[in-house]
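Quick note, the sequence shown lines up with residues 23 to 754 if you use our numbering.
C-beta: ideal position from N, C-alpha, C; glycine also.
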Amino acid sequence: MILRLAAALVLCILALPSLAQVPVAWKTGREAVVIEQRVEALLKRMTLDEKVGQLHLSGRGEGFNAARIREGRMGAVMNFVVPQEIADAQRAVRESRLKIPLIIGLDAVHGFSTYFPLPLGQASSWNPELIEEAAYWTGREAGAAGINWTFAPMVDISRDPRWGRVLEGAGEDPYLGSVVAAARTHGYQRGGVATTVKHLVGYGASEAGRDYNSTWIPTSQLFDVYLPPFKAAFDAGSMTAMAAFNALNGMPTTAHRELLTGLLRDKWKFKGFVVSDFGSITELRLHGIARDDAEAGRKALLAGIDMDMMGDVYDKHLAAEVKAGRVPLKALDEAVRRVLRVKFHLGLFERPDVDVAAAPKLMQTEEARQVARRAAGEGIILLKNANNTLPIAPSVKSVAVIGAMAVPEAERVWTDPAGLGRRVGQSLPDALKERLPADASVIYEPAFTRNCGTEFADKAAAIRAAAASDLVVAMLGEDCEFIGEAASRTNLGLPGVQQELLEALVATGKPIVLVLATGRPLVLTWADQHVAAIVQTFHGGTEGRAVIAEVLSGQANPAGRTPMSFPRSVGQIPVYYDHLPTGRPQKEHKRYESIYMDERNEPLYPFGFGLSYSRFTYANPRVDRANISLNGTAKVSVDVTNAGRRDGQEVVQLYIRQPVASRSRPVRELKGFKKLMIKAGETIAVTFDLPANQLGMHDDAGRYVVEPGDVEIYLGGSSLAETVTQITLTRP
Ligand code: BGC
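Now the structure itself:
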């Protein structure tokens with residue numbers, strides 16, 4: 023027996039090198055010094071063309087030419103997902119003069135083979151450890167296929183759900199956004215791929231929510247709201263960053279020297295490289311700041327863009343610009359140095375080529391699927407639950423599941439690019455059938471021809487099924503061209519014919535549970551008035567539908583919280599919780615208050631909100647002392663009770679407000695949260711450390727200031743937290 027165990031152990035150890043991913047992180051001390059020496063030695067041996075080659079990022083497919091790798095004129099590739107193709111590219115490197123390894127990039131945004139919820143859905147879990155695990159498994163799987171660099175995390179704060187890319191971020195809040203940015207950076211890099219924190223900066227504030235549009239952000243807001251998640255990702259060790267498509271205050275970020283060099287390199291001491299966004303260097307012409315590509319390339323490089331993604335601008339023009347003296351060789355060398363530095367810190371020079379045979383074994387492992395399941399489960403937000411419609415009661419004997427989104431399609435959205443055998447996960451009707459009592463029937467009607475919900479298949483059959491059931495579960499939402507990049511919308515209702523379907527289902531008089539899979543908060547005002555329950559998900563990934571069934575059936579207790587405010591109408595946008603006060607706040611909703619004539623000011627569902635099958639109460643807010651010096655830390659506590667009948671998770675949130683300061687401060691700012699499992703009937707004393715140096719703001723010059731004075735503290739289960747205490751900040 024002992025011998026057998028020992029043999030198994032040896033086998034495990036032997037198997038490890040090919041199966042385990044090497045975590046990546048900036049090396050320190052002696053190792054970092056040696057790397058700098060290696061970078062300099064290599065740089066000395068490089069020709070001008072080879073230097074430019076290191077800054078050239080090219081894609082798979084048309085236009086890709088492995089000969090360019092052999093010539094040393096392509097240092098980076100992207101969108102390669104088939105291990106054999108990556109191995110071929112790596113072989114081409116070995117046939118090149120200097121054999122400088124490729125950095126191989128991919129948007130592994132929310133999974134590679136195992137799919138986790140969209141990042142906005144992960145953020146809805148308010149569980150940083152879980153979010154880190156999701157990124158870790160994404161990194162591991164991508165790494166096993168040969169990828170060593172991901173274009174994630176996207177950390178753009180956005181207060182505008184018209185913008186299709188809110189799904190890639192963590193929502194509206196800089197504190198939650200920073201926690202998530204750090205967690206994802208740690209996770210990916212621990213999983214073996216370098217991260218690219220993106221998009222520097224302000225992309226999420228595109229005017230009117232239209233993708234690629236300009237942004238106008240005052241310096242104080244830039245530093246208080248938009249930059250913190252970037253700083254958090256750099257502090258967590260992100261090795262690269264991506265500039266944005268937009269112009270910020272009139273200067274396209276791809277040519278923004280003050281941002282990419284002044285802030286990033288000079289102030290924040292970032293030593294990795296910055297990649298452009300897809301073709302954004304050549305787009306400088308269209309932004310109206312360059313006559314031709316040569317000038318665009320020159321401006322981008324001198325601003326601090328080290329690598330040209332898919333623009334071929336550096337490839338075609340940079341060498342000539344250097345020869346003509348328009349780009350100093352020193353500037354080129356510095357960009358190359360940054361790219362080489364990252365490659366050395368990543369350990370690429372020592373890494374073996376991708377193990378093509380081992381790769382499939384590392385996809386969709388049981389551990390990854392478990393994390394996907396937990397991440398999807400904890401991100402489910404219960405927005406409405408009238409008359410305890412959920413969990414589905416034992417008296418419900420028949421359920422109609424309506425909507426093609428309830429059944430995953432293998433060929434769409436989550437395809438299997440690497441050919442590594444992806445399972446698509448359970449359908450909602452199957453998962454429900456498994457989880458409801460044996461005497462309950464579940465029937466399924468797709469209603470639509472495609473998951474996108476733009477065309478009916480058999481509407482009448484769906485209505486008949488609904489009318490014949492005790493309860494209707496309608497799984498609707500946004501998919502296909504309605505979500506993601508370049509999917510800005512001015513109308514945030516259910517796309518296509520889905521609203522018509524929902525109204526017809528409501529007209530049957532049956533209780534309706536609306537399950538949403540969307541890429542952003544939709545305007546749910548009509549639904550909120552007419553359906554019994556609303557369950558919000560942001561495309562839960564491989565395990566998404568199985569965990570919805572767990573929540574509907576009551577096997578799981580929902581514990582997600584909104585990472586963005588849900589507007590009542592598009593006209594309210596931007597609507598976010600940490601706005602400034604006005605001199606005429608909404609009181610009685612009367613003329614000459616800061617209100618709309620035809621709408622309330624508040625969102626339909628506030629930031630940080632989510633119901634549970636438990637009920638949580640807050641009492642005894644307290645601080646360890648009333649006066650805290652500007653360099654001190656307050657301990658803030660509150661007792662949280664689960665007054666419900668089920669064990670459940672609560673997200674205990676702490677908000678502050680400084681009511682009087684040298685400039686107007688937001689009405690609330692999130693400064694801490696803890697997600698806890700609290701047993702039915704149990705009370706937990708929750709304590710937060712609140713360092714005074716986290717309670718400041720930036721001035722118009724971007725300087726951080728913490729001002730003495732009173733600080734109100736609000737504790738509760740959403741941004742409407744009502745349990746209040748206070749501290750006073752004093753000069754030391
Ligand atoms: C997006 C980036 C992405 C890149 C590569 C661009 O259109 O803005 O976020 O990383 O494409 O796919």
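Query: Supposed close pair PHE695, TRP148 - CB separation, criterion 8 Å; Result: 6 Å
Query: Nonlocal neighbours in the same chain, by C-beta distance under 8 Å from THR745, ignoring five residues either side; Result: TYR640, ALA641, PRO643, VAL660, TYR736, LEU737, GLY738
Query: Where HIS221 falls: helix, strand or coil (DSSP); Result: strand
Query: Simplified DSSP state of THR747, which is helix, strand or coil; Result: strand
Query: Test item: CB-CB of VAL344 and LEU351 under 8 Å; Result: yes
Query: Beta-carbon proximity of ALA453 to ILE424, cut-off 8 Å; Result: no
Query: Near the ligand BGC: PHE86 beta-carbon under 7 Å from a heavy atom; Result: no
Query: DSSP state of ASN235 mapped onto helix, strand, coil; Result: coil
Query: Contact test: LYS696 Cβ vs the ligand BGC heavy atom, cutoff 7 Å; Result: no
Query: Local Cβ density within 10 Å of LYS253, reported as buried at 16 or more and exposed below that; Result: buried
Query: In chain order, each beta strand (DSSP E) run of at least 3 residues that lies wholly inside the region 164-232; Result: 216-222
Query: Assigned exposure category for VAL682 - 16 Cβ within 10 Å defines buried; Result: exposed
Query: Pairwise C-alpha distance: ARG373 and VAL32; Result: Note that VAL32 scores a pLDDT of 41, beneath 50, so its modelled location is shaky; the value from the coordinates is reported in the next line. Those two C-alpha atoms are separated by around 23 Å.
Query: Rounded C-alpha distance that separates ALA397 from GLN577; Result: 16 Å
Query: Collapsed DSSP secondary structure at ASP330 in the structure displayed; Result: strand
Query: Contiguous alpha helix (DSSP H) assignments of at least 4 residues, all confined to the region 327-376; Result: 341-345, 351-367
Query: Helix, strand or coil at MET427 [DSSP, three-state]; Result: helix
Query: Expected contact under 8 Å - CB spacing of LEU712 and LEU751 to nearest Å; Result: Between LEU751 and LEU712 the Cβ distance is about 10 Å, and since that is not below 8 Å, they are no contact.
Query: Any non-hydrogen atom of the ligand BGC within 7 Å of ASP299 CB; Result: yes
Query: Proximity test, LYS701 beta-carbon vs the ligand BGC heavy atom, cut-off 7 Å; Result: no
Query: Under 8 Å between C-beta atoms of VAL429 and ALA462; Result: no
Query: Reduced DSSP category for PRO251 - H, G, I as helix; E, B as strand; rest coil; Result: helix
Query: Identity of the residues DSSP links to GLN243 by a beta bridge; Result: Per DSSP, none; premise fails for GLN243.
Query: Inter-residue CB distance, LEU142 and ALA192 (contact presumed, cutoff 8 Å); Result: 7 Å
Query: Collapsed DSSP secondary structure at GLN144 in the structure displayed; Result: helix
Query: CB-CB length for PRO175 against THR207, believed under 8 Å; Result: 6 Å
Query: Contact test: HIS221 Cβ vs the ligand BGC heavy atom, cutoff 7 Å; Result: yes
Query: With 16 other Cβ atoms within 10 Å as the buried cut-off, status of GLU615; Result: exposed
Query: Proximity winner among PRO754, ALA723, GLY731, PRO730, relative to LEU285 (alpha-carbon distances); Result: ALA723
Query: Where TYR618 falls, given that 16 or more other Cβ within 10 Å makes a residue buried; Result: exposed
Query: Boundaries (first-last residue) of the alpha helix (DSSP H) holding HIS552; Result: 547-552
Query: At least three beta-carbon pairs within less than 8 Å, the region 266-273 to the region 221-231; Result: yes
Query: Member of LEU516, ARG753, ASP334, ASN715 whose CA lies at the smallest distance from the CA of PRO730; Result: ARG753
Query: C-alpha distance - SER449 paired with ARG567, whole-angstrom precision; Result: 6 Å
Query: Length-filtered (4 minimum) alpha helix (DSSP H) runs lying within the region 460-522; Result: 481-489
Query: Distance CB(VAL494)-CB(PRO533) smaller than 8 Å; Result: yes
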